[in-house]
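> Got a structure for you, written out below as structure tokens; questions coming shortly.
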Amino acid sequence: MVSLDQQFFGLNPAQREAVFHTNGPLLVLAGAGSGKTRVVTLRIARLLLMGEAPKSILAVTFTNKAAKEMKARLVELSGRAARGVWVSTFHSLCARLLRRDAHRIGLSSSFAILDEGDQRAQLLTVARSLGLQLGEKEPRMLLSRIGYWKNQGLRTDRSPLGIDDEVIRARVGRVDDIAMIADRLWMPYASHLRALSAVDFDDLLLYAREMLETVADVRKRYQALFRYLHIDEYQDTNPLQLDIVAQLCGPHRNLAVVGDDDQAIYSFRGADVENILAFDKNFAPCTVVKLEENYRSTGNILDAANGVIKTNTTRKEKTLFTSGGPGDIVEVLGLADGDAEGDIVAERIHKLVTEAQVLPESIAILYRSSPQSRLFEEGLRLRGVPYRVVGGMEFFQRKEVKDTLALMSCIARPDDELSFRRVVNLPTRGLGEKAVATFIAWARARGQHLIDAAATAELTGLKPQQEATLRKFAGPLLAARPRVLAEVWDENADVAGTVRIAVLRASLQAVIDDEAELEKKEKWRETVDEVCDAFASFIDNLREARTAPDLEASGVVLGEVGPEGPLAAFLDRLALDEEKDDDKDDEKKAKGRVQLMSLHASKGLEFPYIFLVGLEEGLLPHRRVLEESGDRGIEEERRLCYVGITRARKVLTISHALHRRKRHELVPRKRSRFLDDIPLHAQGKLPEAVIEDPAADFFAKMRARFDDKKPT
896 MVSLDQQFFG
906 LNPAQREAVF
916 HTNGPLLVLA
926 GAGSGKTRVV
936 TLRIARLLLM
946 GEAPKSILAV
956 TFTNKAAKEM
966 KARLVELSGR
976 AARGVWVSTF
986 HSLCARLLRR
996 DAHRIGLSSS
1006 FAILDEGDQR
1016 AQLLTVARSL
1026 GLQLGEKEPR
1036 MLLSRIGYWK
1046 NQGLRTDRSP
1056 LGIDDEVIRA
1066 RVGRVDDIAM
1076 IADRLWMPYA
1086 SHLRALSAVD
1096 FDDLLLYARE
1106 MLETVADVRK
1116 RYQALFRYLH
1126 IDEYQDTNPL
1136 QLDIVAQLCG
1146 PHRNLAVVGD
1156 DDQAIYSFRG
1166 ADVENILAFD
1176 KNFAPCTVVK
1186 LEENYRSTGN
1196 ILDAANGVIK
1206 TNTTRKEKTL
1216 FTSGGPGDIV
1226 EVLGLADGDA
1236 EGDIVAERIH
1246 KLVTEAQVLP
1256 ESIAILYRSS
1266 PQSRLFEEGL
1276 RLRGVPYRVV
1286 GGMEFFQRKE
1296 VKDTLALMSC
1306 IARPDDELSF
1316 RRVVNLPTRG
1326 LGEKAVATFI
1336 AWARARGQHL
1346 IDAAATAELT
1356 GLKPQQEATL
1366 RKFAGPLLAA
1376 RPRVLAEVWD
1386 ENADVAGTVR
1396 IAVLRASLQA
1406 VIDDEAELEK
1416 KEKWRETVDE
1426 VCDAFASFID
1436 NLREARTAPD
1446 LEASGVVLGE
1456 VGPEGPLAAF
1466 LDRLALDEEK
1476 DDDKDDEKKA
1486 KGRVQLMSLH
1496 ASKGLEFPYI
1506 FLVGLEEGLL
1516 PHRRVLEESG
1526 DRGIEEERRL
1536 CYVGITRARK
1546 VLTISHALHR
1556 RKRHELVPRK
1566 RSRFLDDIPL
1576 HAQGKLPEAV
1586 IEDPAADFFA
1596 KMRARFDDKK
1606 PT
């Protein structure tokens, strides 16, 4: 194991400057593959070495996976003391602050966190109450627009389209039919969620900002606690997150941000590249350090990336370089048509795997939009090359999993109305919407939590059989709650087993019994077991933290468990985890398979072999951007191309089609303007190789055979 001193000694001059900077604002402009994570973790390790208290250091990342990796590296560098460092996503941090002090702004600290499906259901409820009939795609579009406005920092107590402030109006974006409907739903939707004691992801940030801005003692408490703040991927922050950072950064102003404006590709989510571009002005005087030495890619790949990105005018000047050699040239292929592109790329991958013995998981195909994957999937299937399309429904989005979690929430938070409504009639037990609404009104009038009231339901205005059903449902859940709270620190107690028995008795055993198909019965059993196993693992980690010799180091872990107990903390962790599948499971999925993914999904990843496909006007840059967003949009598309190029470690192949099929016609295509920016020396002697597909006839026949077999 390399010692901490050796780690410091191995830094290059720019990295060393960032690591050994201590006080005041610091902007680290970290080019792709320049070792930014190493810089952040070593900077925190050095602060711990100087004697700073772990709990006084906050590090904010954008994904739970990144947070876990950073925490693991810190523990490796600094030992158990590093466990007390706050390493968190923005959403997890805000949720934790609100769980403690939300009541100070009139929000119940037992709020439920909605996922996308729950948000859609509640939005439809509000729309119906206003007499609005929404189409199939409109809820998703409306929630996207509402989320965008929240991330721009717009407050929910006034109409976004009715604001006179020019700065705020500029954040609203284009006004179209969706914006008009979203504006009408904006305040009623916010009021509806508040009445339910429910928040969505963006509300976590909005309410945290409100609390920090308006409750002085809470703001001062956290400013005093967090003496050193670190924000990773700062180019992806939005105006709302900037407000939160400014509130947390106290008089000491020890704020270090790390990011790369050249990789700012999330404006559609509300991210504002201006946050990083203007950091040295917003937090002046500021130390600026540029990390330009790349440890990932070959010289030719970096020259291609530099050539593409330097055309952007709104950026911080920097040039990636490597001490390694130039490596292979960047090959640019112009293919006859889209089918030929799919065939040629698949054939090259087949040869890499079969002849060069390259591991399939070392290869990735990157594209601008998901529909592009079809032709490459087809080509790989025909050759028997295993592949994986990154994306799709994850484990924790499945209905049976969400039902299990809702039952667990009824144990942890007996007044969680959304969870109660979801599962009280599971399986169907004669409790329709009207009966449930009648019962909830009765419980509210008595001032009782829903599960408490259901467990003793009598004289509710419902039929005796319905009341008996409520009692049978709620009894096991109510009985489990005190046991979970009492058993959490008992090493001999099976807390997860207690929860498993309760959710089965309350509802799920009846669901399993009602399933006619053996396969579905087994799926339900496996679901309950898997969710309860995840809770058991969470409990094990809590118990380990509690018995740690350094209690301060374990404080952040234990701090997750508030007065509602460990089950509520577990549910919060899941609700806030955007990558809910286990990392090891994710690696298992990738092993032995070529990876197909969008350019947005590829950010933060790297592969020895990259095929960057569809480099055409209308695809990259995308048609919508060309039509709607002007120069600002083109610059982000160029950054997207730069991200794709810099994912490659050894070999980069770029392709585009001269024609594409559209409604049975071959339509001419124009190669992307970004290809003109790649230096010729990085590509070899010719700007590109135009290849006709020698196997086109064969694969056309194969496709025809498949088409013949498809049902009409």
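Numbering (the numbering used here), first residue to last: 896 to 1607. Every residue gets a Cβ at the ideal spot worked out from N, C-alpha and C, and that includes glycine. The structure displayed is predicted, hence computed values, not measured ones.
In whole angstroms, what is the alpha-carbon distance linking residue 1360 and residue 1416?
Looking at the two C-alpha atoms, the distance is approximately 27 Å.
> Could you tell me the alpha carbon to alpha carbon distance between residue 1582 and residue 1198, rounded to whole angstroms?
Confidence at residue 1582 is low in this model, with a pLDDT of 48, below 50, so the placement of that residue should be treated as unreliable; the coordinate-derived value is given next. Residue 1582 and residue 1198: Cα-Cα distance of roughly 14 Å.
> So is residue 1525 buried or exposed if we call it buried at 16+ other beta carbons inside 10 Å?
With fewer than 16 Cβ atoms within 10 Å of its Cβ, residue 1525 is classed as exposed.
> Once the 5 residues before and after residue 1009 are set aside, which same chain residues still bring their CB inside 6 Å of it?
Only 1093, 1095 meet the Cβ criterion.
> Counting only beta-carbon atoms, is residue 1293 nearer than 8 Å to chain B?
This model lacks chain B altogether, as it is built from one protein chain only.
> Shortest alpha-carbon distance to residue 947 belongs to which of 1055, 1123, 1421?
Residue 1123 is the option with its Cα nearest to residue 947.
> How big is the Cα-Cα spacing for residue 1477 and residue 1426?
Residue placement at residue 1477 is flagged as unreliable, the pLDDT there being 42, under the threshold of 50; the coordinate-derived value follows with that caveat. So the alpha carbons of these two residues sit roughly 12 Å apart.
> Since residue 1471 contacts residue 987 with CB under 8 Å, what's their CB separation in whole angstroms?
That pair is a contact at about 5 Å.
> Just verifying my parser: in three-state terms, what is the DSSP assignment at residue 1226?
In the structure shown, residue 1226 sits in a strand (DSSP, three-state: E or B).
> Buried or exposed, going by whether 16 or more other CB atoms sit within 10 Å of the CB of residue 1168?
So residue 1168 counts as buried.
> Below 8 Å CB to CB, which residues in the same chain sit around residue 1568 once its five sequence neighbours on both sides are set aside?
Counting only Cβ-Cβ distances below 8 Å, and skipping sequence neighbours, we find 1512, 1516.
> By the DSSP assignment, the beta strand (DSSP E) with residue 984 in it spans what residues?
Element bounds for residue 984: 981 to 984.
> Three or more C-beta pairs closer than 8 Å, one from the stretch 1363 to 1374 and one from the stretch 1335 to 1353: is that the case here?
Contact between the stretch 1363 to 1374 and the stretch 1335 to 1353 is present, because at least three Cβ pairs lie under 8 Å.
> Note down, in chain order, each residue of its chain lying with its Cβ closer than 6 Å to the Cβ of residue 1391, except the 5 sequence neighbours on either side.
Cβ within range, chain order: 1427, 1430, 1431.
> Keeping to the same chain, check which residues put their C-beta closer than 8 Å to that of residue 1409; ignore five residues upstream and five downstream.
For residue 1409, where only same-chain residues beyond five positions count, the Cβ hits under 8 Å are 1322.
> What's the C-alpha gap between residue 1208 and residue 1082?
Approximately 39 Å, taken between the alpha carbons.
> Relative to the C-alpha of residue 898, which residue among 950, 930, 920, 973 is closest?
Nearest option by C-alpha distance: 973.
> Counting Cβ pairs, one atom from each stretch, are 3 or more of them under 8 Å apart for the stretch 1184 to 1195 and the stretch 915 to 933?
Output reads yes: the stretch 915 to 933 touches the stretch 1184 to 1195.
> Can you tell me whether residue 1607 is buried or exposed? The criterion is at least 16 other CB atoms within 10 Å of its CB, across all chains shown.
Its pLDDT being 41, under 50, residue 1607 is placed unreliably in this model, and the coordinates cannot settle the point.
> So, helix, strand or coil for residue 1484, using DSSP?
Reduced to three states, the DSSP call for residue 1484 is helix.
> Straight-line CA distance for residue 1230 to residue 1523?
The alpha-carbon atoms of residue 1230 and residue 1523 are separated by roughly 29 Å.
> Helix, strand or coil for residue 1003, going by three-state DSSP, please let me know.
Reduced to three states, the DSSP call for residue 1003 is coil.
> When you compare each of 1180, 1128, 1164 to residue 1171 by their alpha carbons, which one comes out closest?
Out of 1180, 1128, 1164, 1128 has the C-alpha closest to the C-alpha of residue 1171.
> Name the two residues that bound the continuous alpha helix (DSSP H) containing residue 1327.
First-last for residue 1327: undefined, no H or E at that position.
> Hey, could you find the ends of the alpha helix (DSSP H) residue 1084 is sitting in?
Segment 1072 to 1090, the alpha helix (DSSP H) holding residue 1084.
> Take residue 911 as the anchor and find which of 902, 919, 1121 has the nearest alpha-carbon.
Cα-wise, what sits closest to residue 911 is 902.
> Report the three-state DSSP secondary structure of residue 1605 (helix, strand or coil).
For residue 1605, the pLDDT reaches just 47, beneath the cut-off of 50, and the residue's location in the model is therefore unreliable, although a value from the coordinates is still provided. Correct three-state label for residue 1605: coil.
> I'd like to check one pair, residue 1402 with residue 1318: are the Cβ atoms closer than 8 Å?
For residue 1318 and residue 1402, yes; Cβs fall inside 8 Å.
> Run the CB neighbour count on residue 1213, radius 10 Å, all protein chains shown included, and call it buried at 16 or more, exposed below.
Buried, because 16 or more other Cβ atoms sit within 10 Å of the Cβ of residue 1213.
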